[in-house]
Amino acid sequence: AVVSTQSTGSIILSLNSPVIDDLTTNLHLTSLEAEDFSREAVDCFIEASYTGEVEAVNVGNFRDVNKMSRVFEVSWLVARCEEYFVSYLDKLDSESSYPDILFAVEEAVYMLSAVKKRDLLDMVVRKMSTATSFSLAMRGNFITEYLSDLGTCLKLKIDACIAIVKLDLD
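Under my numbering, the first residue of the sequence shown carries the number 156, and numbering increases by one thereafter.
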């Protein structure tokens, strides 16, 4: 995706992002290649810059919107992405499906690997430690499926599993 700083209003984008401000003011760029991000995430980022709201963020674009907020140093959007993640976690319970739990764990592992930020994983582990939300059997089933292809597991994935299983050993 290409972000045209002329058509989207470089002033608004620059006000939200010191990185975009530097690119447009000092380097005189009029567009940015955003190939690392989905079109949906770019649109959400631009809309959020204009409105101050992140209503368009969802499970499908969360990672890219979160990543863009960090790459372009939009601190209020970083905070909103974390709020979205916390509200997502709050909805998880004993009826949650494997894909629902997987999203939370994978995003937490991604943040740990990408920006060395462990607090999202700690939140997931705390959530999984509540007996009313996740039983021992549910955690065990999750770990079994999550590690079913151990040959391709990242070390961070295994570390996340150890943190979850450790709940049952303490």
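Beta carbons are placed, not taken as given, at the ideal position from N, Cα and C, and that holds for glycine.
Keep in mind it's a predicted model, so treat the numbers as computed, not measured.
Cβ shell of residue i (< 6 Å), same chain only, five flanking positions each side left out
i	result
Thr163	Residue placement at Thr163 is poorly supported in this model, since its pLDDT is 47, which falls under 50; the coordinates still yield a value, given next. Result list for Thr163: Ile201, in chain order.
Endpoints, alpha helix (DSSP H) assigned at residue i
i	result
Ser251	Counting along the chain, Ser251 falls outside any alpha helix (DSSP H), and DSSP gives it neither H nor E.
Glu238	230 to 246
Ser224	217 to 226
Val118	Limits of the chain in this structure are 156 at one end and 325 at the other, which puts residue 118 out of reach.
Asn296	291 to 301
Whole-number beta carbon distance between residue j and residue i, since they are thought to touch under 8 Å
i	j	result
Leu267	Leu311	6 Å
Cys199	Val212	6 Å
Ser193	Asn216	6 Å
Residues near residue i by beta carbon distance below 8 Å, same chain, minus five either side
i	result
Val233	Asn221, Ser224, Arg225
Leu322	Val280, Met283, Ser284, Arg294
Own chain residues within Cβ distance below 7 Å of residue i, not counting five before or after
i	result
Ser288	Leu247, Asp248, Ser249, Lys282
Ile319	Val280, Met283, Arg294, Ile298
Thr285	none
Point to revise | Stretch pair the region 249 to 261 + the region 282 to 294: three plus CB contacts closer than 8 Å | key: yes
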